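Numbering (the numbering used here), first residue to last: 2 to 935.
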């Protein structure tokens with residue numbers, strides 16, 4: 002018997018040795034608290050295509066690894082990444098022993114992050130958010146400061162809008178074709194389900210796409226990579242919403258080859274931080290994977306997120322002085338409840354089927370088909386032949402009376418007359434600061450024929466998007482990796498006005514009361530329509546787009562130098578189809594317009610020089626051309642098929658250089674960068690006074706569509722991130738950003754004036770020439786930021802942290818029209834001569850860009866967790882802006898006063914009626930999250 006046992010053990014040893022032959026290493030991953038093995042942990046070798054997943058015993062093994070120095074990354078959601086340097090010997094399997102993963106408290110912070118999305122969005126219905134790409138889960142100290150510490154102040158990394166970043170789910174770019182920005186709300190509230198993320202910074206290489214100049218974010222929803230278990234959390238906050246509940250369960254891969262993940266959440270508030278901002282959001286996520294065999298797996302992901310929120314208004318300093326910075330003009334009481342007139346409703350489900358093919362141990366192909374559909378609606382009040390219901394309408398404010406001048410004598414200031422001062426003291430806004438819903442209902446009930454003078458409607462966008470994509474990752478040689486892929490998209494976007502509420506009336510007349518005759522009709526094919534709730538009116542059209550993108554990328558790894566080269570080709574084709582025959586544009590509004598195509602190329606490369614195992618130099622450079630967005634191709638899409646004249650591809654370039662230090666206690670990165678965007682186009686809509694010649698006694702006033710073309714922007718700056726482990730329990734961080742983001746040329750300004758449209762003038766645009774914008778700062782957030790933080794993490798699993806943040810150099814968004822030569826032209830002068838009182842010195846004073854006040858924010862964070870048997874209980878808490886600092890996050894010039902005399906008179910009054918409007922950040926705010934993992 003003894004000999005038999007010895008023989009069996011000998012055979013097992015031989016078999017084991019045979020099974021372990023190869024070149025590589027193995028290990029076992031355990032939890033630092035429980036010492037229990039962790040399943041579905043991802044172990045991957047940097048700069049290669051080699052990845053393994055731990056089994057139920059926490060074990061992994063690599064058997065085909067190139068000999069030499071390798072870097073092993075071990076990561077799992079909820080834990081800190083482990084980075085191990087390994088010397089691989091030819092023909093041997095090295096046993097690494099036990100790899101311990103510690104709980105990552107910053108992961109809990111990310112899951113608790115209240116994403117900022119809606120407070121300073123414009124009134125367009127693009128379906129996307131204009132916040133910066135915060136790259137929230139990055140382990141880079143600088144990017145964490147940008148997300149958690151500076152994000153509340155609208156800080157943008159490198160001053161770039163998130164249309165310059167690529168956000169992906171399973172390799173599919175989620176940036177909208179309409180404006181190039183992602184709609185974060187499509188997966189909002191699903192923090193648990195979307196926590197498996199990969200990031201790149203700037204133009205650094207991504208395995209999934211060529212990317213832009215801001216970076217990439219890849220969200221992986223493959224069911225088998227989620228750590229098995231369940232999680233339930235409940236949160237309270239006083240920001241966009243008040244309460245959040247969330248639950249998630251991941252099964253792990255069972256013996257039959259099935260894995261699934263389900264997650265759901267609800268966020269709600271009767272009123273958010275700003276007055277009248279109600280909030281209601283429900284989200285559901287499901288991912289199911291079937292492992293067919295060792296080479297093939299199928300995964301189906303479905304995401305449903307509905308979000309409804311009341312928006313808050315930008316306000317002038319005058320309004321904020323009277324009503325406070327939390328004031329919101331969009332709401333009013335109805336039947337004792339606050340009702341917001343500017344609700345934004347988003348419901349765009351995502352269905353995604355992916356095929357994972359492990360061709361060989363060194364080649365993987367991932368393919369997928371995605372369908373996204375749904376609706377986005379932004380509501381507002383429309384009035385027809387009735388007073389403007391906006392309580393902050395300029396005639397309701399005290400400044401209307403105190404800024405008056407004699408219209409027949411521009412030197413005669415009348416705002417200080419006792420009569421006007423008395424009227425200002427009794428201005429309507431002082432006693433009626435909110436929308437009066439009852440007054441609108443009464444007005445509609447009092448019309449002679451029952452028509453509504455006021456209605457509530459929404460600007461609707463219903464998209465149907467199909468996407469097919471494939472990505473290949475292949476280890477061509479020990480030191481060469483190929484990444485390549487292709488994506489095709491087909492979009493049909495239905496845009497229309499949808500009537501929501503007649504506000505007590507019986508019907509609404511579908512015509513433009515500012516026009517006459519046939520020009521009043523929104524649809525000549527169905528004139529003089531009377532519409533009711535649920536009817537389409539005013540405008541109705543489709544936007545169609547097809548896009549194709551392909552990229553290849555080669556990454557090379559050597560002992561002292563790593564480098565990569567990548568290239569991309571894209572083709573975009575757009576077309577508008579009018580469903581109404583508009584009275585102003587009877588010949589070019591109905592039916593399909595011309596197709597317009599854009600072909601583009603991009604090239605990038607970079608290298609990392611390894612000074613030593615702890616010191617690195619990194620360089621990246623990119624040049625690409627990019628198609629303009631549909632938003633800017635069709636400047637007046639609601640009314641006609643016209644295409645922006647002379648619109649071109651954007652030219653984008655960027656370079657950066659970094660010095661990186663990585664030691665066990667100290668990590669640091671300092672980066673210098675410069676980016677350039679040329680031939681950009683931007684569109685906007687507003688009502689302006691004194692813009693055109695006074696041909697009809699209207700003073701040259703008109704509602705216009707402004708298109709600014711040939712815009713050049715230059716962003717240069719420095720980034721610094723440092724992290725030092727002072728002791729085993731105390732960590733210090735210091736981060737800084739300095740940028741100069743400016744207009745680098747004088748772009749061209751064109752206005753579309755619908756009043757000039759006729760059968761012989763189907764594109765009524767007027768060229769105002771160059772706008773003197775060169776040297777003006779770009780708006781969109783602070784251009785200087787600094788942060789210092791300290792964190793204490795106790796061995797008994799509680800932690801606390803504090804950080805102080807300085808933010809500066811944030812600028813007002815300036816009007817391009819006011820900086821053209823038309824600013825000086827007198828619309829009442831038959832010869833177009835300038836205003837006699839206009840001087841260059843005074844114009845410089847009036848047009849000087851406003852800089853917001855600098856400010857400092859102090860934030861506190863902390864948490865505690867308890868391990869009870871197989872479950873973890875814990876909480877995370879944060880207190881932001883501890884000292885309740887009031888600060889502006891953004892703002893814009895009003896271009897209603899569009900010439901020198903009107904601006905000069907308004908400003909000289911001391912109480913301008915058309916002063917800039919501003920957005921504010923949150924004051925003191927808190928977040929408390931309670932959770933249990935089991």
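Glycine residues also receive a C-beta, built at the ideal position from the N, C-alpha and C atoms. This one's a predicted model, so the numbers in the text were calculated from it and none came from an experiment.
- Straight-line measurement puts the Cα of residue 278 at about 19 Å from the Cα of residue 246.
- Distance from the CA of residue 678 to the CA of residue 97, rounded to the nearest whole angstrom, comes to 48 Å.
- For residue 281, the CB contacts under 6 Å within the same chain, skipping 5 residues up- and downstream, are 269, 309 in chain order.
- Restricting attention to alpha helix (DSSP H) runs no shorter than 4 residues, the segment 819-899 encloses them at 841-847, ordered along the chain.
- In this structure, the beta-carbon distance from residue 494 to residue 512 does not fall below 8 Å.
- Inter-segment contact for the segment 442-452 and the segment 470-487 is absent: fewer than three beta-carbon pairs are separated by less than 8 Å.
- Per DSSP, residue 88 lies in no alpha helix (DSSP H); the unbroken beta strand (DSSP E) holding it starts and ends at 83-89.
- Residue 802 counts as buried, since at least 16 other C-beta atoms from the protein chains shown sit within 10 angstroms of its C-beta.
- Spatial neighbours of residue 142 in its own chain (CB-CB distance under 7 Å, excluding positions within 5 residues in sequence) are listed in chain order as 668, 722, 723, 724, 734, 736.
- The Cβ neighbour count for residue 559, taken over all protein chains shown within 10 Å, is under 16; the residue is labelled exposed.
- Contact check between the segment 917-926 and the segment 888-907: three or more CB pairs, one atom from each, fall below 8 Å, which counts as touching.
- Three or more pairs of CB atoms, one per stretch, sit closer than 8 Å, so the segment 897-917 contacts the segment 395-407.
- When secondary structure is reduced to three states using DSSP, residue 655 falls in the strand class.
- Of the other Cβ atoms in all chains shown, fewer than 16 fall within 10 Å of the Cβ of residue 360; this residue is therefore exposed.
- Under DSSP, residue 496 shares a beta bridge with 462, 542.
- The segment 598-618 and the segment 178-191 do not touch, with fewer than three beta-carbon pairs separated by less than 8 Å.
- Of 230, 800, 211, the smallest CA-CA separation from residue 77 is found for 230.
- Relative to residue 332, the option among 177, 314, 205, 469 whose CA is nearest is 314.
- Residue pairing of residue 759 in beta bridges, as defined by DSSP: 762.
- Residue 474 is bridged by DSSP to 365, 484.
- In the DSSP secondary-structure assignment, residue 61 is bridged to 28.
- It is roughly 9 Å from the alpha-carbon of residue 218 to the alpha-carbon of residue 174.
- Per DSSP, residue 434 lies in no beta strand (DSSP E) segment and is marked neither H nor E.
- According to the DSSP secondary-structure assignment, residue 744 is paired through a beta bridge with 714.
- Here residue 720 has 143, 672, 738 as same chain residues with Cβ atoms under 6 Å from its own Cβ, once five neighbours each way along the sequence are excluded.
- Membership of residue 235 in any alpha helix (DSSP H) is not indicated; the residue belongs instead to the beta strand (DSSP E) covering 230-238.
- Residue state for residue 752 is assigned as strand, using DSSP reduced to three classes.
- Contact between the segment 200-210 and the segment 158-176 is present, with at least three C-beta pairs closer than 8 Å.
- The segment 498-518 and the segment 551-570 do not touch, with fewer than 3 CB-CB distances between them shorter than 8 Å.
- By alpha-carbon distance to residue 394, the top candidate from 932, 916, 933, 928 is 916.
- Contact between residue 858 and residue 882 holds: their C-beta atoms lie close to 5 Å from each other, under 8 Å.
- The beta carbon of residue 225 lies closer than 6 Å to those of 254, 260, 290 in the same chain, with the five residues before and after it left out.
- Judged by DSSP secondary structure, residue 424 falls outside any beta strand (DSSP E) and instead within the alpha helix (DSSP H) spanning 419-426.
- Pairing residue 285 with residue 656, the inter-Cα distance amounts to about 40 Å.
- When beta bridges are read from the DSSP output, residue 247 appears opposite 234, 266.
- Per DSSP, reduced to three states, the secondary structure at residue 670 is strand.
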